[in-house]
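Chemist: If you're matching positions, the sequence shown starts at 725 in the numbering used here and goes up one per residue. One structure follows; several queries about it will come next.
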Amino acid sequence: MNAPHEPHSLGPTTVAAALRDAGLAPPDGRILLQHVLGVPHAQLGAHPQRVLTDCEWRAFARLVQRRRAGEPIAYLIGEREFYGRRFRVTDAVLIPRPETELLIDLALERYPESSTARILDLGTGSGNIAVTLALERPRTVVAAVDCSPAALALAGSNARELGALNVRLLEGDWYAPVAGMRFDLIVSNPPYVAAGDPHLGQGDVRFEPRAALNAGADGLDALRAIVAAAPRYLDAGGWLIVEHGYDQGAACARLLRAARLADVFLARDLAGSARVSGGRKDAAGA
Ligand code: GLN
725 MNAPHEPHSL GPTTVAAALR DAGLAPPDGR ILLQHVLGVP HAQLGAHPQR
775 VLTDCEWRAF ARLVQRRRAG EPIAYLIGER EFYGRRFRVT DAVLIPRPET
825 ELLIDLALER YPESSTARIL DLGTGSGNIA VTLALERPRT VVAAVDCSPA
875 ALALAGSNAR ELGALNVRLL EGDWYAPVAG MRFDLIVSNP PYVAAGDPHL
925 GQGDVRFEPR AALNAGADGL DALRAIVAAA PRYLDAGGWL IVEHGYDQGA
975 ACARLLRAAR LADVFLARDL AGSARVSGGR KDAAGA
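So this is what it looks like as structure tokens:
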């Protein structure tokens, strides 16, 4: 499938032929074609001889070209699943990652179904963390902060579409828009990749916003700012839970202790990598 020209001269293009000619690694071709045709997986599989209209074929060919150039599937189809729900994504935000579901589990373990906690999510991006916590704990109120207006607009549309009425969107730098407020839980998946990390030149991350990934020479700039100020924004007993890089567990533990947080923990993702750390403000805390 080199260029989307003259499909009829080649005879009708069926689903099966389009997928074969696309030559993408599975399941990419199928996901893009389902998106173009607006059909679920089972329907595509049940009708391999369905003939594509010119318009469908052209739209599919364009997406295939972009995928070949490396663009992430989530940006091409405009969505990604997170914690069992579909979130809209654009290239203004980081694509939600399965590792981040661990942060959700660790938060939910600490706050029961009936919780009325005031929650703060710093650097909300698509809103995947804020909206998930808001829906899983419907009596909480979640403040979702981001310095990017485009990210906040997207988080707002995800909150609306998924029915999370208990999310409040606030624009600004980390704690700036919540000055003077107190929370029972602070969560964040901040940028934590070191500038110059070779990983930034590979795969999907090449297309993601640098501001959502990079955090200074050691990748800890955002985590330092978030952890150091957390005690001022937490009520006694409140937890701070943050995601970080696989090699930042020890550094995070040091930051959490330096902020005089208690019950410091480190949790590993399904791949066994250090991924989420946290600590709690005890009654005697700063
Ligand atoms: N886990 C992401 C990656 O490795 C980074 C996410 C982040 O910086 N918050 O690409």
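Yeah, the Cβ is synthetic: ideal placement off N, Cα and C, and Gly gets one too. These numbers were taken from a predicted model, which means no experiment stands behind them.
1. According to DSSP, which residues form a beta bridge with ALA712?
2. So, does the region 949 to 966 touch the region 898 to 911, judging by three or more C-beta pairs under 8 Å?
3. Going straight from the alpha carbon of PRO772 to that of ILE801, what length do you get?
4. Would ALA941 pass as a contact of ALA974 if the rule is Cβ separation under 9 Å?
5. Quickly, what does DSSP pair GLU842 with across the bridge? List them, please.
6. Tell me whether the beta-carbon of VAL813 lies closer than 9 Å to the beta-carbon of PRO822.
7. Just tell me which of PHE931, TYR916, ARG930 has its CA closest to the CA of VAL966.
8. Would you decide whether TYR899 is buried or exposed? Buried here means 16 or more other CB atoms lie within 10 Å of its CB.
9. By how many angstroms is the C-alpha of ASP870 removed from the C-alpha of GLY851?
10. Please classify LEU878 as buried or exposed, where buried requires at least 16 neighbouring CB atoms within 10 angstroms.
11. Starting from ASP829, trace the alpha helix (DSSP H) in both directions and tell me its first and last residue.
12. What residue from ALA888, GLU780, SER872, TYR807 has the CA that sits closest to GLY762's CA?
13. Using only the heavy atoms of the ligand GLN, determine whether one of them is closer than 8 Å to the beta carbon of GLU825.
14. From ASP971 to LEU990, what distance separates their C-alpha atoms?
15. Tell me, please, which residues DSSP counts as bridged to ARG804.
16. Could you give the DSSP three-state label for ASP908: helix, strand or coil?
17. Using a Cβ-Cβ cut-off of 7 Å (strictly less than) and excluding sequence neighbours within five positions of SER839, which residues of its own chain qualify?
18. Measure the alpha-carbon distance for PRO750 versus THR848 and round it to whole angstroms.
19. Given a threshold of 16 other Cβ atoms within 10 Å of its Cβ, counted over all protein chains shown, does SER733 qualify as buried or as exposed?
20. Rank ARG934, ALA998, PHE931, LEU844 by C-alpha distance to the C-alpha of GLU895 and give the top, closest one.
21. Does the separation of the CB atoms of PRO914 and ALA946 fall below 9 Å?
22. Taking C-alpha atoms, which residue in GLY880, GLY943, SER872, ALA995 lies nearest to THR856?
23. Leaving aside the five residues before and after ALA939 along the sequence, list all residues of the same chain whose C-beta is less than 6 Å from its C-beta, in chain order.
24. Is TYR799 near the ligand GLN - that is, is its Cβ less than 8 Å away from at least one heavy atom of it?
25. Taking 8 Å as the line, does the beta carbon of LEU818 fall inside it for any heavy atom of the ligand GLN?
Modeler: In short:
1. Past the boundaries of the shown model lies residue 712; the chain is included only from 725 to 1010, so the question cannot be answered.
2. yes
3. Here residue 772 refers to the residue found at position 48 of the sequence shown. Here residue 801 refers to the residue found at position 77 of the sequence shown. Rounded to whole angstroms, PRO772 to ILE801 spans 21 Å at the Cα level.
4. Taking the first residue of the sequence shown as position 1, residue 941 is located at position 217. Taking the first residue of the sequence shown as position 1, residue 974 is located at position 250. No, the pair does not count as a contact, with Cβ atoms beyond the cut-off.
5. For the purposes of this step, residue 842 is taken as the residue at position 118 of the sequence shown. In the sequence on display, residue 842 carries Arg and not Glu. For ARG842, which the question treats as bridged, DSSP gives the partners VAL865.
6. Reading the sequence shown from its first residue, position 89 is the one you call residue 813. Reading the sequence shown from its first residue, position 98 is the one you call residue 822. No, the pair does not count as a contact, with Cβ atoms beyond the cut-off.
7. Mapped onto the sequence shown, residue 966 falls at position 242. The shortest Cα separation from VAL966 among PHE931, TYR916, ARG930 belongs to TYR916.
8. As a first step, residue 899 is located in the sequence shown; it is residue number 175 there, counting from the start. With 16 or more Cβ atoms within 10 Å of its Cβ, TYR899 is classed as buried.
9. Taking the sequence shown and counting its residues from 1, one reaches residue 851 at position 127. Taking the sequence shown and counting its residues from 1, one reaches residue 870 at position 146. Going by the C-alpha atoms only, they are around 9 Å apart.
10. Here residue 878 corresponds to residue number 154 of the sequence shown, with the count starting at 1. Per the 10 Å Cβ criterion, buried.
11. The residue labelled residue 829 in the question sits at position 105 within the sequence shown. Element bounds for ASP829: 824 to 834.
12. In the sequence shown, residue 762 corresponds to position 38, counting from 1. Nearest C-alpha to GLY762: GLU780.
13. In the sequence shown, residue 825 corresponds to position 101, counting from 1. No, the ligand GLN has no heavy atom inside 8 Å of this Cβ.
14. Mapped onto the sequence shown, residue 971 falls at position 247. Mapped onto the sequence shown, residue 990 falls at position 266. Rounded to the nearest angstrom, the two C-alpha atoms are 12 Å apart.
15. Walking along the sequence shown from the start, residue 804 turns up at place 80. In the DSSP output, where bridge partners are listed per residue, ARG804 has PHE811.
16. The count along the sequence shown starts at 1 and reaches residue 908 at position 184. Three-state DSSP puts ASP908 in a strand.
17. Here the question's residue 839 lines up with position 115 in the sequence shown. Same-chain partners within the cutoff: ARG861, ARG863, THR864.
18. Locating residue 750 in the sequence shown gives position 26, counting from the first residue. Locating residue 848 in the sequence shown gives position 124, counting from the first residue. Distance between the alpha carbons of PRO750 and THR848: 31 Å.
19. Here residue 733 refers to the residue found at position 9 of the sequence shown. For SER733, the predicted structure reports a pLDDT of 46, less than 50, and the residue's modelled location is therefore unreliable. The matter cannot be settled from this model.
20. Translated into positions along the sequence shown, residue 895 becomes position 171. That would be LEU844, whose Cα lies nearest to the Cα of GLU895.
21. In the sequence shown, counting from the first residue as 1, residue 914 sits at position 190. In the sequence shown, counting from the first residue as 1, residue 946 sits at position 222. In contact: PRO914 and ALA946 (Cβ atoms closer than 9 Å).
22. Sequence index remark: in the sequence shown, residue 856 carries index 132 (1-based). Taking only the C-alpha atoms, the option nearest THR856 is GLY880.
23. Taking the sequence shown and counting its residues from 1, the one referred to as residue 939 is at position 215. Contacts found: PRO915, TYR916, ASP945, ALA946.
24. The residue labelled residue 799 in the question sits at position 75 within the sequence shown. No.
25. In the sequence shown, the residue the question calls residue 818 occupies position 94. Within the cutoff, so yes.
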